[in-house]
Amino acid sequence: MTQSVVVQVGQCGNQIGCCFWDLALREHAAVNQKGIYDEAISSFFRNVDTRVVGDGGSISKGKICSLKARAVLIDMEEGVVNEILQGPLRDVFDTKQLITDISGSGNNWAVGHKVFGSLYQDQILEKLRKSAEHCDCLQCFFIIHSMGGGTGSGLGTFLLKVLEDEFPEVYRFVTSIYPSGEDDVITSPYNSMLAMKELNEHADCVLPIDNQSLFDIISKIDLMVNSGKLGTTVKPNSLVTSSSGTLKKRHKKPFDAMNNIVANLLLNLTSSARFEGSLNMDLNEISMNLVPFPQLHYLVSSLTPLYTLTDVNIPPRRLDQMFSDAFSKDHQLLQADPKHSLYLACALMVRGNVQISDLRRNIERLKPSLQFVSWNQEGWKTSLCSVPPVGHSHSLLALANNTCVKPTFMELKERFMRLYKKKAHLHHYLQVEGVEKSCFTEAVSSLSALIQEYDQLDTTKNMPNLELRKYISRFSAVSLTYTRCNPQHLPFK
Amino acid sequence: MSIVTVQLGQCGNQIGFEVFDALLSDSHSSQGLCSKRENEAYQASCKERFFSEEENGVPIARAVLVDMEPKVINQTLSKAAQSGQWKYGQHACFCQKQGSGNNWAYGYSVHGPRHEESIMSLIRKEVEKCDSFSGFFIIMSMAGGTGSGLGAFVTQNLQDQYPNSLKMNHIIWPYGTGEVIVQNYNSILTLSHLYRSSDALLVHENDAVHKICAKLMNIKQISFSDINQVLAHQLGSVFQPTYSAESSFHYRRNPLGDLMEHLVPHPEFKMLSVRNIPHMSENSLAYSTFTWAGLLKHLRQMLISNAKMEEGIDWHVRPPLSGLPPLGKMSLNKDLHFNTSVANLVILRGKDVQSADVEGFKDPALYTSWLKPVNAFNVWKTQRAFSKYEKSAVLVSNSQFLVKPLDTIVGKAWNMFASKAYIHQYTKFGIEEEDFLDSFTSLEQVVASYCNL
Numbered sequence: 302m303t304q305s306v307v308v309q310v311g312q313c314g315n316q317i318g319c320c321f322w323d324l325a326l327r328e329h330a331a332v333n334q335k336g337i338y339d340e341a342i343s344s345f346f347r348n349v350d351t352r353v354v355g356d357g358g359s360i361s362k363g364k365i366c367s368l369k370a371r372a373v374l375i376d377m378e379e380g381v382v383n384e385i386l387q388g389p390l391r392d393v394f395d396t397k398q399l400i401t402d403i404s405g406s407g408n409n410w411a412v413g414h415k416v417f418g419s420l421y422q423d424q425i426l427e428k429l430r431k432s433a434e435h436c437d438c439l440q441c442f443f444i445i446h447s448m449g450g451g452t453g454s455g456l457g458t459f460l461l462k463v464l465e466d467e468f469p470e471v472y473r474f475v476t477s478i479y480p481s482g483e484d485d486v487i488t489s490p491y492n493s494m495l496a497m498k499e500l501n502e503h504a505d506c507v508l509p510i511d512n513q514s515l516f517d518i519i520s521k522i523d524l525m526v527n528s529g530k531l532g533t534t535v536k537p538n539s540l541v542t543s544s545s546g547t548l549k550k551r552h553k554k555p556f557d558a559m560n561n562i563v564a565n566l567l568l569n570l571t572s573s574a575r576f577e578g579s580l581n582m583d584l585n586e587i588s589m590n591l592v593p594f595p596q597l598h599y600l601v602s603s604l605t606p607l608y609t610l611t612d613v614n615i616p617p618r619r620l621d622q623m624f625s626d627a628f629s630k631d632h633q634l635l636q637a638d639p640k641h642s643l644y645l646a647c648a649l650m651v652r653g654n655v656q657i658s659d660l661r662r663n664i665e666r667l668k669p670s671l672q673f674v675s676w677n678q679e680g681w682k683t684s685l686c687s688v689p690p691v692g693h694s695h696s697l698l699a700l701a702n703n704t705c706v707k708p709t710f711m712e713l714k715e716r717f718m719r720l721y722k723k724k725a726h727l728h729h730y731l732q733v734e735g736v737e738k739s740c741f742t743e744a745v746s747s748l749s750a751l752i753q754e755y756d757q758l759d760t761t762k763n764m765p766n767l768e769l770r771k772y773i774s775r776f777s778a779v780s781l782t783y784t785r786c787n788p789q790h791l792p793f794k
Numbered sequence: 011m012s013i014v015t016v017q018l019g020q021c022g023n024q025i026g027f028e029v030f031d032a033l034l035s036d037s038h039s040s041q042g043l044c045s046k047r048e049n050e051a052y053q054a055s056c057k058e059r060f061f062s063e064e065e066n067g068v069p070i071a072r073a074v075l076v077d078m079e080p081k082v083i084n085q086t087l088s089k090a091a092q093s094g095q096w097k098y099g100q101h102a103c104f105c106q107k108q109g110s111g112n113n114w115a116y117g118y119s120v121h122g123p124r125h126e127e128s129i130m131s132l133i134r135k136e137v138e139k140c141d142s143f144s145g146f147f148i149i150m151s152m153a154g155g156t157g158s159g160l161g162a163f164v165t166q167n168l169q170d171q172y173p174n175s176l177k178m179n180h181i182i183w184p185y186g187t188g189e190v191i192v193q194n195y196n197s198i199l200t201l202s203h204l205y206r207s208s209d210a211l212l213v214h215e216n217d218a219v220h221k222i223c224a225k226l227m228n229i230k231q232i233s234f235s236d237i238n239q240v241l242a243h244q245l246g247s248v249f250q251p252t253y254s255a256e257s258s259f260h261y262r263r264n265p266l267g268d269l270m271e272h273l274v275p276h277p278e279f280k281m282l283s284v285r286n287i288p289h290m291s292e293n294s295l296a297y298s299t300f301t302w303a304g305l306l307k308h309l310r311q312m313l314i315s316n317a318k319m320e321e322g323i324d325w326h327v328r329p330p331l332s333g334l335p336p337l338g339k340m341s342l343n344k345d346l347h348f349n350t351s352v353a354n355l356v357i358l359r360g361k362d363v364q365s366a367d368v369e370g371f372k373d374p375a376l377y378t379s380w381l382k383p384v385n386a387f388n389v390w391k392t393q394r395a396f397s398k399y400e401k402s403a404v405l406v407s408n409s410q411f412l413v414k415p416l417d418t419i420v421g422k423a424w425n426m427f428a429s430k431a432y433i434h435q436y437t438k439f440g441i442e443e444e445d446f447l448d449s450f451t452s453l454e455q456v457v458a459s460y461c462n463l
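Chains as they are written, first to last, in the working numbering: chain P, 302 to 794; chain G, 11 to 463.
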């Protein structure tokens, strides 16, 4: 079994990361009743004997002694990381896994990327190497960050290049929080644009998410819960134990509920790799199946049913509803409508008591309403994991490589251009060493090229299937091409 | 003679478990409908073929389990051990930490050479345990990365290292609407390679078996384990011991050799399918009775009309009247009507089996012109019933049944290839566009040969 390392960068990245580790511990506690350190847990946690000083404390089997997260926490301000270290999860993190500074990046990508990048490059490399050494077989880096700020955006993307150079065989999965329309950070379009270029070039797979969508989903859940119509009850062991007995004010911090969604995304993404099932799906299969061309690696995600994202007991509705919801624009974690755009590929990762016939039935049912690109009409990747999420019977994570990401990118470009034309705040960036106007122009062309790719694909929508060429002509075309090759050359032994 | 099974990838291992389980439970079944002595001979023959003996009497499957990640093998080993009836050898598995990522190129070019020695040495140990060795039965899927890519590599190696032994590859044809997006690429690469290095390809289509589960077995929520059990039942009815000739009382000694001899007369035609009748849930079985005449009539029509199961058979399809020229070469664009065979083998098990009349299968109109029915058709009859079915018949057939699915897969793969989608994932590991083109060419050739029967 393989291991993954989570690298959480910046305020957003660390807050989401914190939620993730909390959920991961709860999930493993629920599944692993005997307290034995097994391969599933080892994918995200090390087993350490804390009595041993220094590095020698790792235990590979037997009872769980103390679990340490395979994580590296990076922030150029101390506030968030300090809070984590004083909170309930403080024992899960190794103090040697942290990189912090005091002054912060001032919401400036250039400061995060260039200044802190060069300042902390060695330390970053060292921590990453350490965490890789602790792994038997490292398969994947999960990077969590936001695009709009300075640290997550700048230093987070600086990391990508480092990872690519240092660990070329290891997948880089990036969870990026894109700024919403009413983002309060004025320079977020600059930061996001500059970060996009890095994502285009150095990430294997990006899961774009935006705050507005998360907020809408939370509102929907609240509505469901508070409407009282469904006879909801609070689960006995849930986190909701407000003394007044109401279901409001579940989370102390405003972004907690939203961060939980992203944390759930990461858990579900890796569930089929960690737990058994009748049709497993490893992390390298995600990239293999969902990225038809290297630059088109942006995947829109949706998690259904919604109530699996809460602690509330809602009687399960029909299984099929879960599948229908996965394709509706209200359930996507990005402002996007995949049903009315073009699918390049789609993955359905199911957890729980769902069998292949349920999966097939729903694919057959939903296929006619979805548009797939002509050369991938049956572009479905499926997986079945037998272990359901904690406290629920089943769940579905849908990942779509779909042209519906285009509007997000186009909006980003528009907002950027509005600022850039007036040269607003540009001097903050240009005065950083190593940053010139060309950085901006290159970033814009990179994004424009990407948008154009999606445009071209969209024009093929509604075109009739490329008919299977006639048997004879295809045969001649193939044999013609073949005879052009050196007939002596036999590719296989 | 013994058969060594190689189980590759998640699919291969999950199926392999069901197969051994089915073989042993049938062998221990008390409803054999034959004399005690005969039953014992049957059990002994089954054991010799598929199991070796351990000190405390628990049979060990003659199998090598290979997968590039550990979860499935661990599950398979523990399920077998839990049954208490049989188990896998302790050291019969080869496992790595990271899977093949659904990438044929990774399975073939990276995992293959890297683990060649270890895997081949495991296989060698298993072969050495056999007193007399019949050949290899390799179970794999086409859609994934390990079963398909590593499977192709291993089969090639087996051909090099055991040139005189037979290899039958059991291939799982994926569902038409994807389990894996790049399944068409993986499939064409696998098939083109196996056509060169394997002796026979026994194909099971997930879609077809799924329908059997739905229509015949009436299972509401079909799981992969249901599908695998149906598969195992079909394979069991082929591979369990059978008599060698009409009046002989000895069980055949060389199952693979006999199968190949009867079914693969020409190396250009290697695709075999399995159809069995009857097949139903246990509850229905209690209320059903059969006659050989009825069963064989249905089976024959299943062959002619290319039906995969005994429900929904198209009775309008008829073989061309003998003496008249064939109705023109089969056109791919029209629905396949009549399924011409290269060779057929019918295996009958159960009560009054000697009275069964198989004349219908000897009609020369069923077969291609260059093989006479006397050579193209064989029947094996065995008194001992199989797996609670008082009478059961299975047809292993080398015919045009796979032409349409094969053509469909080649077409879809070509479609994707023409737009160069996903190719970068393969070229990363050394499989170039040329290799794809080679595969297309060889498979087109196979389709053409079968069409021209």
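Backbone N, C-alpha and C define an ideal beta-carbon position, used for all residues, glycine too. All values derive from a computational prediction rather than experimental measurement.
For residue i, the three-state DSSP class (helix, strand or coil)
i, result
"P:PRO509", "strand"
"G:MET178", "strand"
"G:ARG206", "helix"
"P:ARG800", "Outside the shown range of chain P, which is 302 to 794, sits residue 800 of chain P, and nothing can be said about it."
"P:GLY680", "coil"
"G:LEU453", "helix"
"P:CYS320", "helix"
"G:ILE83", "helix"
"P:ASN590", "helix"
"G:THR392", "strand"
"G:GLY333", "Since pLDDT at G:GLY333 reaches only 48, below the 50 mark, its modelled position is unreliable, and the value read off the structure follows with that caveat. Three-state result, G:GLY333: coil."
"G:TRP183", "strand"
"G:CYS140", "coil"
"G:ILE419", "helix"
"G:TYR399", "strand"
"P:LYS369", "strand"
"G:LEU342", "Since pLDDT at G:LEU342 reaches only 47, below the 50 mark, its modelled position is unreliable, and no value is offered."
Integer Cβ distance of residue i from residue j, believed to fall under 8 Å
i, j, result
"G:PRO69", "G:LEU34", "7 Å"
"G:ASP217", "G:GLY188", "Wrong, their Cβ atoms sit about 12 Å apart, outside the cutoff."
"P:VAL307", "P:ILE510", "Rounded, the Cβ-Cβ distance is 16 Å, inconsistent with contact."
"G:TYR432", "G:TYR195", "7 Å"
"P:CYS319", "P:ILE403", "Not a contact, Cβ separation roughly 20 Å."
Cβ-Cβ distance between residue i and residue j below 8 Å
i, j, result
"P:VAL475", "P:ALA433", "no"
"P:VAL507", "P:SER477", "yes"
"P:HIS693", "P:ASN654", "no"
"P:LYS364", "P:ILE337", "yes"
"G:GLY19", "G:ALA73", "no"
"P:THR683", "P:LEU649", "yes"
"P:LEU426", "P:PHE394", "no"
"P:ASP799", "P:CYS705", "Residue coverage of chain P in this structure runs from 302 to 794, which leaves residue 799 of chain P outside it and unanswerable."
- Task: Identify each residue in the segment 740–759 of chain P for which the Cβ-Cβ distance to at least one residue of chain G is less than 8 Å, and report them in chain order.
- Result: none
- Mind listing which residues of the segment 675–686 of chain P have their C-beta closer than 8 Å to chain G's C-betas, in chain order? SER675, TRP676, ASN677, GLN678, GLU679, GLY680, TRP681, LYS682, THR683, LEU685
- Three CB pairs or more closer than 8 Å across the segment 667–677 of chain P and the segment 720–730 of chain P: With the cut-off at 8 Å, the segment 667–677 of chain P and the segment 720–730 of chain P do not touch.
- Query: If you pair each beta-carbon of the segment 401–416 of chain P with each one of the segment 731–746 of chain P, do three or more pairs fall below 8 Å?
  - Reply: yes
- Task: For the segment 108–122 of chain G and the segment 47–57 of chain G, state whether three or more C-beta atom pairs, one from each stretch, are separated by less than 8 Å.
- Result: no
- Pairing CB atoms from the segment 491–499 of chain P with CB atoms from the segment 580–588 of chain P, are three or more of them under 8 Å? no
- Pairing CB atoms from the segment 422–437 of chain P with CB atoms from the segment 738–758 of chain P, are three or more of them under 8 Å? no
- Query: Any contact of the segment 332–350 of chain P with the segment 417–429 of chain P, i.e. 3+ C-beta pairs under 8 Å?
  - Reply: no
- Does the count of Cβ pairs from the segment 398–418 of chain G and the segment 564–583 of chain P closer than 8 Å reach three? no
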